[in-house]
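Asker:
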Amino acid sequence: MFSTKNLLAAVPCPDQKKCRRPHCPLGHTPNAGHVGLPHIPSSTPISSSKPVPTASSSTSSGAPSGSKSILRASNSSILSKRPEAPSPEPGSSRSGSNQTGDSPNKRLKTTVSCTECKRAKLICDGRHPCRPCQSRNAGPLCKYIPESANLRPQPGISNTRNPVTLIRSTGSALNVPKPVPVSSVSKSSTGCPILRINAALSQVAIPVRQAMVKNLYQAFSDLYEDLLKANPELPSDHALAQEVEIYEKSNKITYRSAAILCIASIKRRPKPHNISHDSVGTEGMRQKRRDEYDRLRALTLTRKHLEQHILSLEEMKLWGYIVEIPEGPGGDRPSDEGKTRDCERCGKVFEVKRKEDAEECVFHWGRPFTSRTNGERARVYNCCGQPVSTSDGCSRGPHVFYESSPGDLHARQPFTMSRSLLEGGSDTALDVLALDCEMIYSTAGISCARVSVVDGCGGKVLDELVRMDDGVEVIDFNTRFSGVTDENYATAVLDLKAIRRSLDAFINTQTIIIGHALDNDLKTLRMIHHRCVDTTALYPHRSGPPFRKKLRDLAREILDRKIQTGDGNAGHSSLEDSVATLDLVRQFVIENKSRPAKPKPSVPPPTPQSTTPLPTKT
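Counted the way UniProt numbering counts, the sequence shown spans residues 1 to 618.
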């Protein structure tokens with residue numbers, strides 16, 4: 001009626017050729033008994049040389065009992081679907097060896113993983129054509145099975161240790177928890193970020209959050225219209241960060257309203273023209289900046305705060321300050337127009353001419369540094385990435401020259417000391433101020449073009465452009481760094497002498513002047529002052545003097561503020577730099593830091609007669 005399963009076909013019939021049964025369930029093939037017969041352990045070890053009793057050697061009277069024991073073992077093996085374990089070598093210590101005395105169940109659980117089949121982990125029952133094995137009776141026990149195979153657990157096999165982990169096309173797992181996807185973000189072809197997060201862990205529906213991300217991205221893109229060229233990823237980054245802030249501060253009921261209010265607030269912001277503008281950033285970023293700003297502005301620097309940070313005369317000399325008025329009358333050689341000098345940019349000899357008649361120079365405005373590519377070191381320029389050995393230049397402009405020795409600077413325009421304290425209580429000088437200057441190239445070398453001063457609270461005291469002295473002509477405004485252009489220079493009214501008289505109203509010998517690389521500012525102002533606090537000494541370079549950290553880098557590291565972000569047409573702002581310098585000192589005082597020990601120069605300081613330019617302030 002029913003087809004046989006041939007479960008006993010692997011068990012040899014004890015009667016073999018003498019069997020008279022019409023449908024004997026036992027095997028009658030010559031090699032029957034060699035496949036699927038596990039070794040049955042006993043309490044007494046069996047010698048490997050002792051022959052295994054077979055049906056032909058048993059007597060007719062012992063056949064029934066022997067057949068029962070063999071059938072019992074065979075049935076156990078067939079039900080568990082485990083083929084015969086390999087016989088161990090004499091002296092072997094394998095766990096399946098007869099000499100270990102392990103129980104049959106423990107020994108039969110030892111399996112060999114199939115290294116070919118890369119399917120879901122299931123115990124192979126030997127009845128399906130496993131692709132790597134290509135056989136129903138594979139040698140090693142294959143733990144893998146195609147999806148189309150029968151997934152019902154087989155008799156005698158426990159799946160408690162290795163639960164089924166077959167993942168169907170729907171993505172659900174069988175008998176295991178659903179895997180949690182890792183939250184991630186990807187960008188679409190339009191630039192709008194796409195949320196890739198686990199929906200089960202989100203209180204708000206993912207489509208709703210994605211719609212808000214899209215609206216935020218559009219709002220930030222419109223706001224950063226003038227910044228996209230230099231910062232194309234800014235709208236995407238801030239849209240994601242803003243959505244996270246909204247999600248963390250709301251629930252599934254208030255999320256949509258909070259997002260709509262935030263988008264409306266972004267649309268009301270004034271459009272920024274540089275990365276350091278207050279409109280740039282998420283609401284959380286802006287609030288953090290405001291809190292930091294308020295914390296710094298709450299501190300008014302006084303002499304008591306800064307007395308311990310004033311540079312000594314020895315330290316000032318180490319950093320390149322001029323502490324005494326050079327010898328000579330001063331001002332006897334205001335201009336070198338018509339004379340030959342060495343170009344600071346390209347090194348060629350040229351004739352000094354004013355801007356309209358100057359010869360063209362091909363140069364690199366950046367500095368060379370060592371780059372490592374594919375394990376090889378090479379010197380390249382940081383302005384264009386071209387190698388130093390083969391590149392002539394990436395920019396064009398006039399030939400210029402630079403002077404740094406005290407004698408040459410004094411000959412252009414005389415140095416003077418800061419004024420003394422006035423008696424009678426009528427002195428208007430400030431206790432503390434921060435100062436910064438912007439320089440341009442002229443026929444007198446390097447000249448001051450803008451001066452900015454803020455008081456100890458950060459309030460603007462002075463911000464003026466400087467007109468060149470009589471007989472001195474502009475060669476290059478150096479707009480990339482100075483920020484001075486033809487248009488705004490035309491509005492300059494005061495020359496350097498008038499600027500010095502204006503500064504005397506705020507500075508006397510007791511005033512503490514704060515600056516970054518302040519020696520360069522005092523040199524271009526032709527001022528000698530002995531009470532200086534320099535951020536290059538408070539935050540020294542690891543190599544020591546004369547190396548200095550850039551003001552832009554310090555503002556980013558210490559204040560989390562971006563300054564000097566203008567391109568070649570915008571340049572720097574001395575007012576912005578002076579405020580950043582003041583805030584760096586405020587931060588130093590708030591953190592109650594002590595000034596680093598006296599620095600040791602990594603190279604000998606330049607002598608007064610040296611014409612090697614000192615590192616310029618950046």
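From the three backbone atoms N, C-alpha and C, an ideal C-beta is built for every residue, glycine too.
Please report the straight-line C-alpha distance between T428 and S389, rounded to a whole angstrom.
Answerer: The sequence position of residue 428 within the sequence shown is 428, counting from 1. The sequence position of residue 389 within the sequence shown is 389, counting from 1. Inter-residue distance for T428 and S389 is about 55 Å (C-alpha atoms, whole angstroms).
Asker: Does the beta-carbon of G445 have 16 or more other beta-carbons within 10 angstroms, so that it is buried, or is it exposed?
Answerer: Counted from its first residue, the sequence shown places residue 445 at position 445. Buried, because 16 or more other Cβ atoms sit within 10 Å of the Cβ of G445.
Asker: Look at R480 and H399 and say whether their C-beta atoms are less than 9 Å apart.
Answerer: Position 480 of the sequence shown, counted from the start, is the residue given in the question as residue 480. Position 399 of the sequence shown, counted from the start, is the residue given in the question as residue 399. Going by C-beta atoms, R480 is not nearer than 9 Å to H399.
Asker: Quick one: Cα of S395 to Cα of F401, how far?
Answerer: Here residue 395 refers to the residue found at position 395 when the sequence shown is read from its first residue. Here residue 401 refers to the residue found at position 401 when the sequence shown is read from its first residue. One C-alpha to the other measures close to 17 Å.
Asker: For T282, which of Q413, Y224, S202, N6 has the nearest alpha-carbon?
Answerer: The sequence position of residue 282 within the sequence shown is 282, counting from 1. Per the Cα distances, Y224.
Asker: Decide if P545 is buried, meaning its Cβ has at least 16 other Cβ atoms within 10 Å, or exposed.
Answerer: To locate residue 545, count along the sequence shown from 1; it is residue 545. Buried.
Asker: Which stretch, first to last residue, makes up the beta strand (DSSP E) that contains Y441?
Answerer: Within the sequence shown, numbered from 1, the residue matching residue 441 stands at position 441. Run containing Y441: 432-442, per the beta strand (DSSP E) assignment.
Asker: Along the alpha helix (DSSP H) that carries L239, what are the first and last residues, could you check?
Answerer: Within the sequence shown, the letter at position 239 stands for residue 239. Reading the sequence as shown, one finds Ala at residue 239 and not Leu. Where A239 is concerned, the enclosing alpha helix (DSSP H) stretches over 234-248.
Asker: My output table needs one value for E376: the three-state DSSP class, helix, strand or coil.
Answerer: Numbered from its first residue, the sequence shown carries residue 376 at position 376. E376 falls in the strand class under three-state DSSP.
Asker: Label T370 either buried or exposed according to how many other C-beta atoms from any shown protein chain fall within 10 Å of its C-beta, with 16 as the threshold for buried.
Answerer: Reading the sequence shown from its first residue, position 370 is the one you call residue 370. Classification of T370: exposed, given that the 10 Å Cβ count is below 16.
Asker: Are D336 and C437 closer than 9 Å when you measure CB to CB?
Answerer: One-based indexing of the sequence shown puts residue 336 at position 336. One-based indexing of the sequence shown puts residue 437 at position 437. No, they are not a contact pair.
Asker: From Q510 to S502, what does the alpha carbon distance come to, in whole angstroms?
Answerer: Position 510 of the sequence shown, counted from the first residue, corresponds to residue 510. Position 502 of the sequence shown, counted from the first residue, corresponds to residue 502. Q510 and S502: Cα-Cα distance of roughly 17 Å.
Asker: If you run the structure through DSSP and keep just helix, strand and coil, what is R256?
Answerer: For the purposes of this step, residue 256 is taken as the residue at position 256 of the sequence shown. In this structure, R256 counts as helix in the three-state DSSP scheme.
Asker: Considering only DSSP beta bridges, list what F363 is partnered with.
Answerer: Taking the sequence shown and counting its residues from 1, one reaches residue 363 at position 363. Bridge partners of F363: S395.
Asker: Tell me which residue opens and which closes the beta strand (DSSP E) that K460 is part of.
Answerer: Mapped onto the sequence shown, residue 460 falls at position 460. Taken as a continuous stretch (DSSP letters only), the beta strand (DSSP E) holding K460 covers 460-467.
Asker: If distances are taken between C-alpha atoms only, which option among Q218, N251, F588 comes closest to A205?
Answerer: Counting from one through the sequence shown, the residue named residue 205 turns up at place 205. Residue N251 is the option with its Cα nearest to A205.
Asker: So the alpha helix (DSSP H) D519 belongs to, where does it begin and stop?
Answerer: Locating residue 519 in the sequence shown gives position 519, counting from the first residue. Start and end: 518-525.
Asker: Tell me the residue span of the alpha helix (DSSP H) that contains A555.
Answerer: Translated into positions along the sequence shown, residue 555 becomes position 555. Looking at the DSSP string, the run of the alpha helix (DSSP H) that includes A555 is 551-558.
Asker: Have a look at T416 and D408 and give me their C-alpha separation to the nearest angstrom.
Answerer: Start at 1 with the first residue of the sequence shown, and residue 416 comes out as number 416. Start at 1 with the first residue of the sequence shown, and residue 408 comes out as number 408. About 15 Å.
Asker: State the beta-bridge partners of G338 as determined by DSSP.
Answerer: Taking the first residue of the sequence shown as 1, we reach residue 338 at position 338. G338 is not bridged to any residue.
Asker: Rounded to the nearest angstrom, what separates S404 and N508 at their Cα positions?
Answerer: By one-based count along the sequence shown, residue 404 stands at place 404. By one-based count along the sequence shown, residue 508 stands at place 508. Roughly 25 Å separates the two Cα atoms.
Asker: Taking the continuous alpha helix (DSSP H) assigned at D294, which residues delimit it?
Answerer: Counting from 1 along the sequence shown, the entry for residue 294 is found at position 294. First-last of the alpha helix (DSSP H) with D294: 283-297.
Asker: Give the straight-line distance between the Cα atoms of K348 and R377, rounded to the nearest whole angstrom.
Answerer: Along the sequence shown, read from residue 1 onward, the residue named residue 348 stands at position 348. Along the sequence shown, read from residue 1 onward, the residue named residue 377 stands at position 377. Approximately 28 Å, taken between the alpha carbons.
Asker: From this set, P406, G366, A411, which residue's C-alpha is nearest D392's C-alpha?
Answerer: For this step, residue 392 is matched to residue 392 along the sequence shown. Of P406, G366, A411, the smallest CA-CA separation from D392 is found for G366.
Asker: Cβ atoms of I590 and L306: under 9 Å apart, would you say?
Answerer: In the sequence shown, the residue the question calls residue 306 occupies position 306. In the sequence shown, the residue the question calls residue 590 occupies position 590. Result no, Cβ atoms of L306 and I590 do not sit closer than 9 Å.
Asker: Could you give the distance in angstroms between the alpha-carbon of S236 and the alpha-carbon of L195?
Answerer: Position 236 of the sequence shown, counted from the first residue, corresponds to residue 236. Position 195 of the sequence shown, counted from the first residue, corresponds to residue 195. If you take the alpha carbons of S236 and L195, they lie about 12 Å apart.
Asker: Terminal residues of the continuous beta strand (DSSP E) containing L195?
Answerer: Position 195 of the sequence shown holds residue 195. Counting along the chain, the beta strand (DSSP E) containing L195 begins and ends at 193-196.
Asker: Sorted by chain position, which residues of the same chain lie with C-beta nearer than 6 Å to N6's C-beta, five sequence neighbours on each side aside?
Answerer: Here residue 6 is taken as the residue at index 6 of the sequence shown, counted from 1. Around N6: no qualifying Cβ.
Asker: Can you tell me which of the three DSSP states R450 falls into?
Answerer: Position 450 of the sequence shown, counted from the start, is the residue given in the question as residue 450. Three-state result, R450: strand.
Asker: Indicate whether H516 and T581 have their beta-carbon atoms separated by less than 9 Å.
Answerer: The sequence position of residue 516 within the sequence shown is 516, counting from 1. The sequence position of residue 581 within the sequence shown is 581, counting from 1. Yes, these two residues count as a Cβ contact at 9 Å.
Asker: Alpha carbon to alpha carbon, how far is C192 from I275?
Answerer: Within the sequence shown, residue 192 is the residue found at index 192, counting from 1. Within the sequence shown, residue 275 is the residue found at index 275, counting from 1. Cα to Cα, the separation comes out at about 21 Å.
Asker: When DSSP labels each residue in this structure, what does C343 get in the three-state scheme?
Answerer: The residue given as residue 343 occupies position 343 in the sequence shown. Of the three classes helix, strand and coil, the one that applies to C343 here is coil, per DSSP.
Asker: Hey, out of D504, T485, R354, whose CA is closest to L421's CA?
Answerer: Residue mapping note: residue 421 aligns to position 421 of the sequence shown, counting from 1. Out of D504, T485, R354, D504 has the C-alpha closest to the C-alpha of L421.
Asker: Name the DSSP bridge partner or partners of L494?
Answerer: In the sequence shown, residue 494 corresponds to position 494, counting from 1. V466, per the DSSP bridge assignment.
Asker: What are the partner residues of S371, as DSSP defines its beta bridges?
Answerer: One-based indexing of the sequence shown puts residue 371 at position 371. Per DSSP, A378.
Asker: May I have the straight-line CA-CA distance separating G458 from K288, to the nearest angstrom?
Answerer: Against the sequence shown, residue 458 aligns to sequence position 458. Against the sequence shown, residue 288 aligns to sequence position 288. Computed Cα separation, rounded: 19 Å.
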